[in-house]
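Quick note: the sequence shown uses my numbering, first residue 20, plus one each step.
Positions of the beta carbon are idealized from the N, C-alpha and C atoms, including for glycine.
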Amino acid sequence: MDEAPDRPSTPAGQRSMSGRRLDYPRAPVWAILAGAAWRWPRRVALRQNGYSVTWSELWSRSRSTATALRAAGLAPGDVVVIRLPNGIEFAQMYWAAQLCGLTTSPVNPRQPPAEAQHQIEDCGARLVITVPDDDFPAPDGVNVVTPDDLRPQGAPLDGWVPHHPADLATAVAHISYTGGTTGVPKGVLVSQRSVVCNALQFSYWATGSLPGIGPGGGVVLDQIGGAADWPVRLGTGTVIAVAPWFHAMGLIGGVVLPALQGSTSLIPERFDPESFIATVEAARVSSISGAPALLAALAARLESGSHDVASVRLVSCGGGPLAPVLADRLSAVFPEAVITQAYGLTEVTMAAVGNPTGRGEQRRRGSVGVPMPDTEIRLLPPADDAEETEDGRGEIVVRGPQIMLGYHGRPDATEEILRDGWLHTGDIGVLDEDGYLSIVDRQKDMLIYKGYNVYPSELEALLREHPGVRDAAVVGAPDPDVGDVPVAFVVPASPEALDPGRLADAVNAQVVHYKKLREVVVVQSLPTSAVGKVVKGPLRAEAARRAGRRTG
């Protein structure tokens with residue numbers, strides 16, 4: 020077993036909290052699939068379009084595909100791009116690459132070819148596994164194949180053994196690209212050890228389980244938490260894989276975690292609230308996770324009719340803040356479920372903090388929770404602030420075994436965000452006296468009005484509490500006299516007219532003068548990334564255009 024890193028010291032006067040400690044197996048990523056094949060060989064791993072594959076079948080098929088990857092001349096450390104939608108083929112290609120010691124870099128299959136080629140070239144891929152598509156050009160020097168090209172007949176080659184890196188802490192498992200909501204996407208180098216550690220950290224958080232090693236070196240879990248606190252037992256859960264697997268959260272949460280926990284993943288062709296809920300009812304789905312927009316759409320659909328969703332025992336929000344008003348709605352429509360949220364970034368593999376999920380544990384409204392095991396959180400004064408921050412707010416910095424190695428090919432960007440082993444997230448947070456973390460905003464989103472810091476997320480939360488608002492985003496419009504003025508873009512909850520002036524008055528009555536909204540713009544939708552996060556760049560451009568029109 021692998022010892023957790025020593026605790027770093029915390030400078031005097033800075034808030035810091037740490038999670039409990041776990042013992043981590045010295046095992047590569049593929050050992051998680053090996054553990055699932057040993058422990059739940061006949062349990063369905065994936066079901067798609069009426070077709071199912073068990074964990075033992077996925078293990079066997081992945082090993083066969085791995086022999087084809089080796090036969091293609093690929094060596095450990097080579098980069099393979101997976102350009103496939105969520106599905107059985109994606110999972111098989113991913114696990115095969117891990118068995119060979121290859122580095123995987125998933126690409127959004129719906130991304131325009133020019134953007135996809137940028138990532139393929141940036142990560143230095145040797146092979147692209149893609150859907151049959153005559154319009155997808157092969158970058159120079161890169162082989163392009165389909166899953167059918169990697170299906171050898173028969174069992175794996177005699178004497179074939181999976182690759183076990185000599186140093187799991189430096190062997191790169193993934194090059195996962197950031198969402199690009201704050202700039203050009205960067206390739207995040209995630210080690211084999213980080214993937215295994217974060218999956219085990221998250222499984223402890225979600226199921227009350229500790230890591231162990233099964234026969235043949237497979238990674239397994241021991242669920243020490245009782246059924247009263249964690250009613251979904253290992254090897255019994257059913258989930259719907261809607262988060263895109265080309266994103267870090269979806270890759271770990273949708274491909275790796277189900278293998279650790281023995282869950283069956285149902286793979287829909289697309290997200291539609293009505294069919295999603297029908298699947299929950301028919302398959303007795305036990306856990307649901309997604310971004311706030313997805314969960315809000317489910318809540319709205321469930322509020323409009325009668326449905327049996329009592330099988331759902333956990334609803335987890337990620338990829339954005341879970342507003343208290345949405346949490347209350349989810350509690351009402353999923354009466355048997357714990358409603359919780361986690362916080363993470365691509366740079367921490369998947370997750371760093373989470374609100375407790377055990378039924379007997381305490382959760383804090385509006386908080387993202389406490390650190391995962393072996394994870395330390397510190398708050399540092401934002402760059403533009405004095406040492407003492409308002410209400411103890413500061414930039415969130417994280418240290419733990421799940422932290423990335425750095426950005427691929429970008430040493431300057433790596434040095435800027437990784438300092439002395441601490442990841443500087445760029446997010447602003449506050450820790451309460453019990454160590455529960457609340458996210459205030461992104462440091463890059465923070466506005467400065469006459470020298471005062473204005474956090475858009477605070478205004479967005481007030482806007483979302485209004486019954487006429489479905490979603491909202493606040494950005495700064497440049498003003499030569501005061502700096503940034505807050506401008507809100509809101510999506511109405513119903514076709515009825517939403518009065519921007521009255522909405523602004525309602526919000527402004529609850530905040531101090533420098534936080535007051537200067538304009539409310541009603542829109543039909545907010546621009547989002549492929550994983551559902553609001554992209555504020557276009558909104559800032561529109562706010563600046565409107566400001567120029569007013570002052571010109």
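Chain-order list of residues whose beta-carbon lies under 6 angstroms from that of residue i (same chain, five-residue window excluded)
i	result
GLU538	VAL506
LEU424	LEU208 and SER210
ASP97	LEU121 and ARG145
THR283	VAL63 and THR257
TRP59	TRP74, GLY254 and GLY281
GLN33	Reliability fails at GLN33, whose pLDDT of 46 lies under 50, so the model's placement of it is uncertain and the value that follows must be treated cautiously. For GLN33, where only same-chain residues beyond five positions count, the Cβ hits under 6 angstroms are ARG397.
VAL299	VAL328
VAL540	PHE508
ALA516	none
SER350	ILE358
SER213	THR368 and GLN421
ALA31	Its pLDDT being 33, under 50, ALA31 is placed unreliably by the model, and the measurement read from it follows with that caveat. Answer for ALA31: no residue qualifies.
PRO151	THR165
GLY269	ALA262 and PRO263
TRP441	VAL416 and ARG418
Pairwise C-alpha distance: residue j and residue i
i	j	result
ASN105	LYS534	42 angstroms
ALA342	ASN162	46 angstroms
VAL261	GLY339	16 angstroms
VAL304	HIS326	13 angstroms
GLY69	TRP249	30 angstroms
GLY3	ALA523	The structure shown does not extend to residue 3, since the chain spans only 20 to 571, so no value can be given for it.
LEU466	ARG559	11 angstroms
PRO546	VAL554	6 angstroms
THR376	ALA562	40 angstroms
GLY244	PRO230	13 angstroms
VAL389	ALA267	21 angstroms
ILE232	PRO420	19 angstroms
PHE508	VAL542	6 angstroms
GLU406	GLY413	A caution first: GLU406 carries a pLDDT of 45, below 50, which makes its placement in the model unreliable, though a value can still be read off. Straight-line Cα distance between these residues: approximately 9 angstroms.
THR8	SER195	In the structure as shown, the chain starts at 20 and stops at 571, and residue 8 therefore has no counterpart that could be examined.
ASP25	ARG521	Only weak support is given to the placement of ASP25: the predicted model assigns it a pLDDT of 42, under 50, and the question is left unresolved by the model.
LYS469	LEU456	28 angstroms
LEU345	TYR474	20 angstroms
HIS443	ARG564	32 angstroms
ALA297	PRO287	12 angstroms
LEU169	VAL100	14 angstroms
HIS427	GLY487	44 angstroms
ARG418	PRO125	25 angstroms
ALA116	LEU219	21 angstroms
CYS119	ARG102	18 angstroms
GLY567	ALA312	31 angstroms
ILE107	PRO519	47 angstroms
GLN242	ASP503	51 angstroms
PRO156	ALA528	56 angstroms
LEU536	LYS463	19 angstroms
Anticipated Cβ contact below 8 angstroms, residue i with residue j, distance rounded
i	j	result
GLY281	GLY254	4 angstroms
MET112	PRO166	6 angstroms
ARG66	TRP74	Going by Cβ atoms, the distance from ARG66 to TRP74 rounds to 12 angstroms, so no, they are not a contact pair.
VAL372	VAL387	5 angstroms
ALA329	ALA55	With a Cβ gap of about 27 angstroms, ALA329 and ALA55 do not count as contacting.
VAL331	PHE353	5 angstroms
ALA432	HIS485	With 8 angstroms as the limit, ALA432 and HIS485 do not qualify as a contact, their Cβ atoms being about 39 angstroms apart.
ARG40	ASP498	Wrong, their Cβ atoms sit about 50 angstroms apart, outside the cutoff.
ALA319	VAL215	No, ALA319 and VAL215 are not in contact; Cβ-Cβ is about 38 angstroms, not under 8 angstroms.
Cross-strand partners of residue i (DSSP beta bridge)
i	result
HIS193	THR123 and VAL209
ASN162	LEU146
ASP248	In DSSP, ASP248 forms no bridge with anything.
SER457	VAL449
ASP498	GLY502
GLY425	LEU208
GLU538	VAL506
LEU219	Beta-bridge pairing links LEU219 to no other residue.
Cutoff 8 angstroms; reference residue i; Cβ partners in own chain excluding five residues on either side
i	result
GLY379	ALA247 and ASP248
GLU477	VAL459, ASP460, VAL530 and LYS534
Residue burial classification, residue i (beta-carbon count within 10 angstroms, cutoff 16)
i	result
ASP159	exposed
VAL180	exposed
VAL494	buried
PRO557	exposed
GLY237	buried
SER513	exposed
HIS532	exposed
PRO263	buried
THR226	buried
ASP446	buried
Sequence-distant residues of the same chain with beta carbon closer than 7 angstroms to residue i, five excluded per side
i	result
ALA356	VAL331, ARG332, LEU333 and VAL334
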